[in-house]
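Engineer: Before I ask anything, let me first share the structure, which is written out below as C-alpha cells.
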Amino acid sequence: MKEIITPAIVLDLELLKKNIKLMADFGKKNRVGIRPHFKTHKCVEIARLQLKAGAAGITAQTIDEAEALVNGGIKNVLLANQLIEHSKIERILRLSDKSAGVILCVDSEQNLRQLDKLSGESGIRLKLLVEVDIGMNRAGRRPGDDTLHFVKKVISCKNIEFKGLQGYEGHAVLIPGREERIKAASSAIELLVGTKKLLLENNIKCEIVTGGGTGTYDLTGRNSQITDIQPGSYVFMDAKYGPIIKEFIPALCVQATIFASRGKGEYTADAGRKALTTENGMPLLLDLAGSIENLNEEHTRLKLTQGSLLPGDRIRILPSHCCTTVNLYDNVYVSDAGQVIEIWKIHRQRAV
Numbered sequence: 284m285k286e287i288i289t290p291a292i293v294l295d296l297e298l299l300k301k302n303i304k305l306m307a308d309f310g311k312k313n314r315v316g317i318r319p320h321f322k323t324h325k326c327v328e329i330a331r332l333q334l335k336a337g338a339a340g341i342t343a344q345t346i347d348e349a350e351a352l353v354n355g356g357i358k359n360v361l362l363a364n365q366l367i368e369h370s371k372i373e374r375i376l377r378l379s380d381k382s383a384g385v386i387l388c389v390d391s392e393q394n395l396r397q398l399d400k401l402s403g404e405s406g407i408r409l410k411l412l413v414e415v416d417i418g419m420n421r422a423g424r425r426p427g428d429d430t431l432h433f434v435k436k437v438i439s440c441k442n443i444e445f446k447g448l449q450g451y452e453g454h455a456v457l458i459p460g461r462e463e464r465i466k467a468a469s470s471a472i473e474l475l476v477g478t479k480k481l482l483l484e485n486n487i488k489c490e491i492v493t494g495g496g497t498g499t500y501d502l503t504g505r506n507s508q509i510t511d512i513q514p515g516s517y518v519f520m521d522a523k524y525g526p527i528i529k530e531f532i533p534a535l536c537v538q539a540t541i542f543a544s545r546g547k548g549e550y551t552a553d554a555g556r557k558a559l560t561t562e563n564g565m566p567l568l569l570d571l572a573g574s575i576e577n578l579n580e581e582h583t584r585l586k587l588t589q590g591s592l593l594p595g596d597r598i599r600i601l602p603s604h605c606c607t608t609v610n611l612y613d614n615v616y617v618s619d620a621g622q623v624i625e626i627w628k629i630h631r632q633r634a635v
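Under my numbering, the first residue of the sequence shown carries the number 284, and numbering increases by one thereafter.
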C-alpha cells in the first residue's frame with residue numbers, strides 16, 4: 284500500500300464487516316435494536332453497512348453528524364444530545380422536515396420551551412427523548428420522580444412528540460474487570476428501567492428506552508426493558524477497548540513511515556500527536572515487537588525489542604482511542620486483501 288501518503292488511517296474491510304455482523308447477530312439473538320454511534324467512524328458508507336446488517340438506526344452526537352447522515356440518505360437518526368443554540372435548533376428542524384425518523388434529546392425546561400416554540404413556528408412536530416442521568420453526571424434528569432414530572436411537561440407541549448428515554452452508563456464501559464463492570468452497568472441501567480416502569484405506572488408509554496456502549500453492549504443489551512443500544516467503537520476497536528471486549532477485532536490502524544534510525548532498536552516515524560490521540564494512553568505497535576516511547580507533534584519515537592527497520596519502511600499503529608483519532612483525518616483508506624480499493628470521506632468535527 285505504498286500509494287498511501289502517511290500518516291493515514293487504513294481500514295480492513297473484511298474485519299470491519301465481521302465486527303458489524305457480530306454486533307448485528309447479538310441484536311437479533313437478544314431482540315434488541317442496534318443503533319450504532321456515528322461519532323466513532325463519522326463515515327456514511329460505514330453507517331450504510333451497519334443499516335444493511337439490520338441496525339435500527341444511527342446515533343449522532345452533533346448536529347453536523349446528523350446532517351451528514353440525513354444528507355447521505357440515512358433517515359432514522361437519533362441525535363443523542365441537547366441543542367440549545369437557536370441556529371442549531373433551526374437545523375434539526377430542517378432535518379426533521381426532510382426525515383420523519385430524526386429524534387433529539389432534552390433535559391431542561393428552558394430548552395423544552397425553546398424547542399416547543401420553534402417547532403410551532405416551523406410547523407414541524409419535533410420528536411424527543413428525555414435524557415436520564417444514570418451515573419455520568421454530565422447531563423440528564425434525575426431518575427424516578429424528577430424525570431416523571433419533566434416527562435409530563437414534555438407531553439403537555441403542543442408541538443412536541445415524546446418518544447421515550449435515554450440513559451448512558453459511560454462510567455462503566457471501560458472498567459477492566461468484568462464482574463465490576465457488570466455491577467456498575469447493572470446498577471446504572473436499573474435506574475433507567477425503574478424510571479420507565481414509573482412512567483408506565485402513570486400511563487405514559489415509552490416507545491424507546493436506549494443506552495449502552497461497546498463496553499456494556501452484552502450487559503445492557505440483554506435487559507428486556509431496553510429497546511436499543513448505542514455501541515460505537517466495536518466497528519474499529521482500539522488499544523483501550525481491546526483487553527476489555529475481546530470478541531471484536533481491531534479493523535483500523537494508523538499507517539506511518541519510518542524516516543530515522545537512531546540505533547539500539549530506536550526509530551522515528553512520521554505520525555505524532557496530530558495523527559494519534561493519547562487521552563486513553565499510548566497507541567500500540569502492530570506486527571512488531573516493541574513499543575511507542577513518545578509522541579511529539581509530528582514524530583513517533585519507538586523502540587523495538589527484536590527485528591529491525593529501515594527508513595522508508597511502513598508500520599501499523601493501533602490507536603488507543605479510535606473515535607478521537609479518526610476525527611483527525613479527512614478520509615479513510617479502505618483495504619481488502621492488502622490492497623486499497625476505496626477512499627471514504629470522514630465527516631470530522633471542526634471547531635468553528
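Cβ coordinates follow ideal geometry from the N, Cα and C atoms, glycine included.
Because the structure is a prediction, the values reported are computed rather than measured.
Just curious, the beta strand (DSSP E) that E444 is in, first and last residue?
Structural biologist: Taking the first residue of the sequence shown as 1, we reach residue 444 at position 161. Its beta strand (DSSP E) spans residues I443 to Q449.
Engineer: In three-state DSSP terms, what is F433?
Structural biologist: Taking the first residue of the sequence shown as position 1, residue 433 is located at position 150. Here F433 sits in helix by DSSP.
Engineer: Apart from the five residues on each side of it in sequence, which residues of its chain come closer than 7 Å, Cβ to Cβ, to H324?
Structural biologist: Translated into positions along the sequence shown, residue 324 becomes position 41. Counting only Cβ-Cβ distances below 7 Å, and skipping sequence neighbours, we find V518, F519 and V609.
Engineer: Please return the same chain residues whose Cβ sits closer than 6 Å to the Cβ of V635, not counting the five positions on each side in sequence.
Structural biologist: Along the sequence shown, one-based indexing puts residue 635 at 352. Caution is warranted here: a pLDDT of 48 is assigned to V635, below 50, making its placement in the model unreliable, and no coordinate value can be reported.
Engineer: I'd like the list of long-range same chain contacts for V389, defined as Cβ closer than 8 Å, with 5 residues on each side in sequence excluded.
Structural biologist: For this step, residue 389 is matched to residue 106 along the sequence shown. Here the set comprises Q365, L395, L398, L411, L412, V413, E414 and V437.
Engineer: Quick one: what does DSSP say N614 is sitting in, helix, strand or coil?
Structural biologist: Residue 614 sits at position 331 when you count from the first residue of the sequence shown. Three-state result, N614: strand.
Engineer: Look at L601 and D521 and say whether their C-beta atoms are less than 8 Å apart.
Structural biologist: In the sequence shown, residue 601 corresponds to position 318, counting from 1. In the sequence shown, residue 521 corresponds to position 238, counting from 1. Yes; because the gap between Cβ atoms is below 8 Å, this pair is in contact.
Engineer: Specify whether the segment 336-350 and the segment 611-626 touch according to this definition: at least 3 beta carbon pairs, one from each stretch, less than 8 Å apart.
Structural biologist: These segments do not touch.
Engineer: In the DSSP assignment, find the unbroken beta strand (DSSP E) run with C226 in it and report its ends.
Structural biologist: Absent from the model: residue 226. The displayed extent of the chain is 284 to 635, so no value can be given.
Engineer: Provide the residue span of the beta strand (DSSP E) that contains E576, from first to last.
Structural biologist: Position 293 of the sequence shown holds residue 576. Residues G573 to L578.
Engineer: Check each candidate in T503, L296, T560 and L448 and name the one with the smallest Cα separation from E581.
Structural biologist: Stepping through the sequence shown from its first residue, residue 581 is reached at position 298. Of the candidates T503, L296, T560 and L448, the one whose C-alpha sits nearest the C-alpha of E581 is T560.
Engineer: Please classify E484 as buried or exposed, where buried requires at least 16 other C-beta atoms within 10 Å of its C-beta.
Structural biologist: Within the sequence shown, residue 484 is the residue found at index 201, counting from 1. Exposed is the call here.
Engineer: Let me confirm a value: R464 is counted as buried when at least 16 other C-beta atoms fall within 10 Å, else exposed. Which label applies?
Structural biologist: Your numbering for residue 464 matches position 181 in the sequence shown. Buried: at least 16 other Cβ atoms inside 10 Å.
Engineer: Leaving out five residues before and five after T345 in sequence, what residues of the same chain have Cβ atoms less than 8 Å from its Cβ?
Structural biologist: Working through the sequence shown from its first residue, we reach residue 345 at position 62. Correct list, in chain order: K322, L362, N364 and Q632.
Engineer: Counting C-beta neighbours from all protein chains within 10 Å, is the total for I509 16 or more, i.e. buried, or is it exposed?
Structural biologist: Mapped onto the sequence shown, residue 509 falls at position 226. Buried: at least 16 other Cβ atoms inside 10 Å.
Engineer: Going by the beta-carbon positions, is the gap between L378 and E350 smaller than 8 Å?
Structural biologist: Counting from one through the sequence shown, the residue named residue 378 turns up at place 95. Counting from one through the sequence shown, the residue named residue 350 turns up at place 67. Cβ atoms of L378 and E350: closer than 8 Å.
Engineer: Under 8 Å by Cβ, that's how I've got G546 and A572 pegged, so tell me the actual separation to the nearest angstrom.
Structural biologist: To locate residue 546, count along the sequence shown from 1; it is residue 263. To locate residue 572, count along the sequence shown from 1; it is residue 289. At roughly 17 Å, the Cβ-Cβ gap does not stay under 8 Å, so G546 and A572 are not in contact.
Engineer: Report the rounded CA-to-CA distance for K312 versus P319, giving the unit in angstroms.
Structural biologist: Numbered from 1 along the sequence shown, position 29 holds the residue referred to as residue 312. Numbered from 1 along the sequence shown, position 36 holds the residue referred to as residue 319. Roughly 17 Å separates the two Cα atoms.
Engineer: Whole angstroms are fine: how far does the CA of E530 sit from the CA of L298?
Structural biologist: Locating residue 298 in the sequence shown gives position 15, where the first residue counts as 1. Locating residue 530 in the sequence shown gives position 247, where the first residue counts as 1. Taking the straight line joining both Cα atoms gives about 12 Å.
Engineer: Does the separation of the CB atoms of P426 and T478 fall below 8 Å?
Structural biologist: Position 143 of the sequence shown, counted from the start, is the residue given in the question as residue 426. Position 195 of the sequence shown, counted from the start, is the residue given in the question as residue 478. A contact, by the Cβ cut-off of 8 Å.
Engineer: Express the C-alpha separation of R408 and S603 in angstroms, rounding to a whole number.
Structural biologist: Taking the sequence shown and counting its residues from 1, the one referred to as residue 603 is at position 320. Taking the sequence shown and counting its residues from 1, the one referred to as residue 408 is at position 125. Cα to Cα, the separation comes out at about 41 Å.
Engineer: Quick one: what does DSSP say T540 is sitting in, helix, strand or coil?
Structural biologist: Stepping through the sequence shown from its first residue, residue 540 is reached at position 257. It is a strand residue.
Engineer: Between V385, L611 and E490, which lies nearest to K358 when the distance is taken from Cα to Cα?
Structural biologist: For this step, residue 358 is matched to residue 75 along the sequence shown. Per the Cα distances, V385.
Engineer: In the DSSP output, which residue or residues are listed as bridge partners for H630?
Structural biologist: In the sequence shown, the residue the question calls residue 630 occupies position 347. DSSP, once it has assigned bridges, lists no residue as partnering H630.
Engineer: Using 8 Å for Cβ pairs, my map puts A534 next to L294. What's the rounded Cβ distance?
Structural biologist: The residue labelled residue 534 in the question sits at position 251 within the sequence shown. The residue labelled residue 294 in the question sits at position 11 within the sequence shown. So it is a contact: roughly 6 Å between Cβ atoms.
Engineer: Here's a check: name, in chain order, each residue in its chain whose Cβ is nearer than 6 Å to the Cβ of K371, leaving out the five neighbours to either side.
Structural biologist: Position 88 of the sequence shown, counted from the first residue, corresponds to residue 371. Closer than 6 Å at the Cβ level, and outside the excluded window around K371, lie I346.
Engineer: Mark R421 as exposed unless 16 or more other C-beta atoms lie within 10 angstroms of its C-beta, in which case mark it buried.
Structural biologist: The count along the sequence shown starts at 1 and reaches residue 421 at position 138. Burial call: exposed.
Engineer: Does DSSP put G355 in a helix, a strand or coil?
Structural biologist: In the sequence shown, counting from the first residue as 1, residue 355 sits at position 72. Three-state DSSP puts G355 in coil, outside helix and strand.
Engineer: Just mark R314 as buried or exposed, buried being the case when its beta carbon has 16 or more other beta carbons within 10 Å.
Structural biologist: Here residue 314 is taken as the residue at index 31 of the sequence shown, counted from 1. Exposed, since its Cβ has fewer than 16 Cβ neighbours within 10 Å.
Engineer: Going by DSSP, what residue range makes up the alpha helix (DSSP H) through L475?
Structural biologist: For the purposes of this step, residue 475 is identified with residue 192 of the sequence shown, where counting begins at 1. Its alpha helix (DSSP H) spans residues R461 to E484.
Engineer: Throw me the rounded Cβ distance for the E452 and I472 pair, which I believe falls under 8 Å.
Structural biologist: Translated into the one-based positions of the sequence shown, residue 452 becomes position 169. Translated into the one-based positions of the sequence shown, residue 472 becomes position 189. Contact holds; Cβ gap of about 6 Å.
Engineer: Tell whether a beta-carbon distance below 8 Å holds between Q513 and R599.
Structural biologist: On the sequence shown, residue 513 is found 230 positions in, with the first residue counted as 1. On the sequence shown, residue 599 is found 316 positions in, with the first residue counted as 1. Contact: no.
Engineer: Quick one: Cα of T499 to Cα of R556, how far?
Structural biologist: Locating residue 499 in the sequence shown gives position 216, counting from the first residue. Locating residue 556 in the sequence shown gives position 273, counting from the first residue. Spanning the two alpha carbons is a distance of roughly 29 Å.
Engineer: CA-CA distance, A543 and E576?
Structural biologist: If you number the sequence shown from 1, residue 543 lands on position 260. If you number the sequence shown from 1, residue 576 lands on position 293. Whole-angstrom Cα-Cα distance: 15 Å.
Engineer: Return the CA-CA distance between Q449 and N579, expressed in angstroms with no decimal places.
Structural biologist: Here residue 449 is taken as the residue at index 166 of the sequence shown, counted from 1. Here residue 579 is taken as the residue at index 296 of the sequence shown, counted from 1. Answer to the nearest angstrom: the Cα atoms are 39 Å apart.
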